[in-house]
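In the numbering used here, the protein residues as written are 766 to 1181. C-beta: ideal position from N, C-alpha, C; glycine also. Accompanying notes for the structure given below.
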């Protein structure tokens, strides 16, 4: 059987799909080794996966810029900060380390923006499979690069989409391609273009680990892109279902969950106002609030029996008992909402979150409010619409039915 190296980076939400893949590959008899930064090591050790460490500490590197990344809802600003302060400073070392880790490998599987992976694959003539977790970096005339405040006729929308992707490409070639290609030249591999979009992908196979229920695959994507469906995994081996959570979920009033996903403890303080507004709006709608991973300075109301705060709960376990979820727009959280068949109120910050939020709205699976415009009044109005309009529940259940028929992990394993 094959010796497979898997590499990814980011938050827990960026790791979970690869854990699901790792288990499936291991069940098929393959040796799976994770090449990751230190923040992922404890979880992977608990699950029994061999880990080789790569240089980098995303949380520490981006700590001075958390507000710009999480709260501005400016994807290009977020990207520039990620590049300048995290990706580029560690890229040469990552290439050296990953090359050493892959010396005896038969296959390298990498999250798409891990720029070291394509360099190492070329240096070692090693087969590479790229995995994309969100379609926000795949240009298409049928997909808006960023949501527009107005609705356009289809012909104008396609024209607008082409123009947006074209302008974005010009900008990204300056801020991404130039510095990454300097590193590529240092390792004697040829330059590439559009590295953030399709230029860093494996052309034999790139897996888009997303359901077509979330975004139907447009006909102008490259042929080597294979949509597999979502790859789900989110329950740590040491987690037990608390009795107080069971009691809370099965009481009479509807439950609305609020979460900011898998943000690190150091980043939670940025979400204090978001959590407070969300809790107030949930209670104002006559529902109860299940609060997941809130900062310690969040003020909970006197009606404590209607609010339950947990530092962690697997979304796959709690979302099916909820009437709706307020969240940040991470693709993993959206996937769990759709699998549970419940609508979302998305409050996106930066990076890919505005794009993901726009897809939720376009699929009629929820509503969105930009983080900077998020107030109790707006949140209450949106949440009441989600809870009282049958079409949202009907649409999310239709998407749920499709997603439950899919097996993204098995499809990806077979493709690999």
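Item: Should residue 1003 go down as buried or exposed, given a rule of 16 or more other Cβ atoms within 10 Å for buried?; Value: exposed
Item: Let me know if residue 813 comes out buried or exposed under the rule of 16 or more other beta-carbons within 10 Å of its beta-carbon.; Value: exposed
Item: So, under 8 Å CB-CB, residue 1151 and residue 1131 are touching, yes? Tell me the CB distance rounded to an integer number of Å.; Value: 7 Å
Item: So, at 6 Å on beta carbons, what are the nonlocal neighbours of residue 777 in its own chain, with the 5 sequence-adjacent residues on each side left out?; Value: 1027
Item: Any contact of the segment 1094–1108 with the segment 1116–1133, i.e. 3+ C-beta pairs under 8 Å?; Value: yes
Item: Jot down the residue ranges of each uninterrupted alpha helix (DSSP H) in the segment 1067–1131, minimum 4 residues, whole runs only, in chain order.; Value: 1080–1083, 1096–1105, 1118–1127
Item: Taking three-plus beta-carbon pairs below 8 Å as touching, is the segment 938–956 in contact with the segment 875–885?; Value: yes
Item: Do residue 899 and residue 975 count as a contact pair if the criterion is CB distance below 8 Å?; Value: yes
Item: Compare the C-alpha of residue 1082 against each of 964, 1055, 924 and name the closest.; Value: 1055
Item: Leaving out five residues on either side along the sequence, give the residues of the same chain with a beta carbon under 7 Å from the beta carbon of residue 1145.; Value: 1046, 1049, 1050
Item: Closest to residue 1161 by CA distance: which of 1113, 1174, 806, 1104 is it?; Value: 1104
Item: In terms of residue numbering, what span does the alpha helix (DSSP H) encompassing residue 943 cover?; Value: 943–951
Item: Please name the residue or residues paired with residue 991 in a DSSP beta bridge.; Value: 972
Item: Cβ atoms of residue 906 and residue 849: under 8 Å apart, would you say?; Value: no
Item: Whole-angstrom Cβ separation of residue 1107 and residue 1090, contact assumed at under 8 Å?; Value: 6 Å
Item: Restricting to Cα atoms, I'd like to know which of 785, 1153, 770, 961 is closest to residue 819.; Value: 770
Item: Have a look at the DSSP bridge pairing and note the partners of residue 799.; Value: 771, 816
Item: What whole-angstrom Cβ distance do residue 1052 and residue 1019 have, given they're in contact under 8 Å?; Value: 5 Å
Item: Classify residue 921 as buried or exposed, calling it buried when 16 or more other Cβ atoms lie within 10 Å of its own Cβ.; Value: exposed
Item: Closest to residue 979 by C-alpha separation, out of 1128, 797, 828, 1155, would be which residue?; Value: 1128
Item: Restricting to Cα atoms, I'd like to know which of 995, 1142, 1016, 1036 is closest to residue 1102.; Value: 995
Item: Cα-Cα, which of 933, 992, 795 is closest to residue 1180?; Value: 992
Item: Who are the near neighbours of residue 1182 in its chain, counting only those whose CB is closer than 6 Å to its CB and skipping five residues on each side?; Value: Here the chain has residues from 766 to 1181 only, and residue 1182 is not among them.
Item: Among 1137, 967, 876, 1010, which residue has its Cα nearest to the Cα of residue 1087?; Value: 1010
Item: Thinking just about the alpha-carbon of each residue, which of 1155, 955, 1038, 1075 is nearest to the one in residue 1013?; Value: 1075
Item: Return the CA-CA distance between residue 786 and residue 893, expressed in angstroms with no decimal places.; Value: 15 Å
Item: Between the C-alpha atoms of residue 1142 and residue 815, what's the straight-line distance to the nearest angstrom?; Value: 49 Å
Item: Taking only three categories from DSSP, how would you classify residue 1046?; Value: helix
Item: Where does the unbroken beta strand (DSSP E) through residue 1024 begin, and where does it stop?; Value: 1020–1024
Item: Per DSSP, which one or two residues make a beta bridge with residue 897?; Value: 973
Item: Taking the C-alpha atoms as reference points, what is the distance between residue 1071 and residue 956?; Value: 57 Å
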